[in-house]
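Under this note's numbering, the first residue of the sequence shown carries the number 3, and numbering increases by one thereafter.
Ideal Cβ positions, reconstructed from N, Cα and C, are used throughout, including at glycine.
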Amino acid sequence: MSVKAWVGGCLVAAVAAAGAAWFTAAQETGTTHAVCGPDLGRDEVVAAQSKAVAVVEAVENTSYREDGGSAYLTTRVKTLDTLKGEFGDVLDVTQGVKNGGTPGRYATEDPHRYAVLEPGRQYVIAVQSGSTAGTAGTGAWAWYAEPVQRGLAGEREHWQQAIAHPPETAVNGSCDDVDAPAG
3 MSVKAWVGGC LVAAVAAAGA AWFTAAQETG TTHAVCGPDL GRDEVVAAQS KAVAVVEAVE
63 NTSYREDGGS AYLTTRVKTL DTLKGEFGDV LDVTQGVKNG GTPGRYATED PHRYAVLEPG
123 RQYVIAVQSG STAGTAGTGA WAWYAEPVQR GLAGEREHWQ QAIAHPPETA VNGSCDDVDA
183 PAG
């Protein structure tokens, strides 16, 4: 191969690379944001990060509201067994649900670790904030709700183990970058 052909080939490759780089940079870019939060798939993390945990029975969905692109369902629950913290006999618990719900037809993003509280069913709930005393006019924010699977005694034993064995590492620091495509 001659020197002229070799130099010409390099120039063509350089121009093509520069054009590709410009084209890529000129495209509308997506966004990257961090999704942070504890691993709700690990019960010991849920127990460690919660102010209170209990087995409850959902009595009645009392209100649903949409506000600023978010939706909230408040459910009156009866405490069957307090596992961590304090719970009143009956209290109002609010949780985030998908927008557009109709009575009896609500949904969440993760029904296995954040089930919608349905009247007549039993759940293990973990409360992150608010009052769990059951005092009129107060309520709690449930950030975890899972249907009872082990019976009352089985849930008590399971969650006592989770509470007794908190994770060794900090559980607040899990963040994953999520790339959202341009659209």
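Beta-carbon spacing of residue i, residue j below 8 Å
{"i": "TYR125", "j": "ALA50", "result": "no"}
{"i": "VAL47", "j": "PRO169", "result": "yes"}
{"i": "VAL95", "j": "ILE127", "result": "yes"}
{"i": "ASN101", "j": "GLU68", "result": "yes"}
{"i": "LEU82", "j": "VAL55", "result": "no"}
Beta-bridge pairing of residue i - partner residues as DSSP gives them
{"i": "PRO186", "result": "Residue 186 lies beyond the stretch modelled for the chain, which goes from 3 to 185, so this question has no answer here."}
{"i": "SER131", "result": "TRP143"}
{"i": "ASP91", "result": "Bridge partners of ASP91: none, in fact."}
{"i": "ALA60", "result": "VAL79"}
{"i": "THR84", "result": "ALA56"}
{"i": "GLU157", "result": "GLU157 pairs with nothing; no bridge assigned."}
{"i": "GLN51", "result": "In the DSSP output, where bridge partners are listed per residue, GLN51 has none listed."}
Pairwise C-alpha distance: residue j and residue i
{"i": "GLN151", "j": "GLU157", "result": "7 Å"}
{"i": "GLY103", "j": "THR64", "result": "13 Å"}
{"i": "THR140", "j": "GLY90", "result": "11 Å"}
{"i": "GLN97", "j": "ILE165", "result": "22 Å"}
{"i": "HIS132", "j": "LEU154", "result": "In the sequence under discussion, the amino acid at residue 132 is Gly, which differs from the His named in the question. Approximately 25 Å between the Cα atoms of the pair."}
{"i": "PRO113", "j": "ALA144", "result": "13 Å"}
Cβ neighbour criterion (16 or more within 10 Å) applied to residue i
{"i": "LYS86", "result": "buried"}
{"i": "THR137", "result": "exposed"}
{"i": "SER72", "result": "exposed"}
{"i": "ASP45", "result": "buried"}
{"i": "ASP123", "result": "What sits at residue 123 in the sequence shown is Arg, not Asp. ARG123 comes out exposed."}
{"i": "ALA135", "result": "exposed"}
{"i": "THR26", "result": "Here the model assigns THR26 a pLDDT of 42, short of 50, so the residue's position is not dependable, and the following value carries that caveat. Exposed is the call here."}
Contacting residues, own chain, Cβ-Cβ under 6 Å from residue i (five flanking each side not counted)
{"i": "TYR108", "result": "LEU75, VAL99 and VAL118"}
{"i": "LEU162", "result": "Here residue 162 turns out to be Gln, not Leu, going by the sequence shown. Counting only Cβ-Cβ distances below 6 Å, and skipping sequence neighbours, we find nothing."}
{"i": "LYS53", "result": "GLY87 and VAL129"}
7 Å CB neighbourhood of residue i in its chain, flanking five on each side removed
{"i": "ARG115", "result": "LEU42, GLY43, TYR146 and GLU148"}
{"i": "GLY70", "result": "none"}
Same chain, Cβ closer than 8 Å to residue i, five either side skipped, listed in chain order
{"i": "GLU191", "result": "The displayed coordinates of the chain run from 3 to 185. Any statement about residue 191 would go beyond what the structure contains."}
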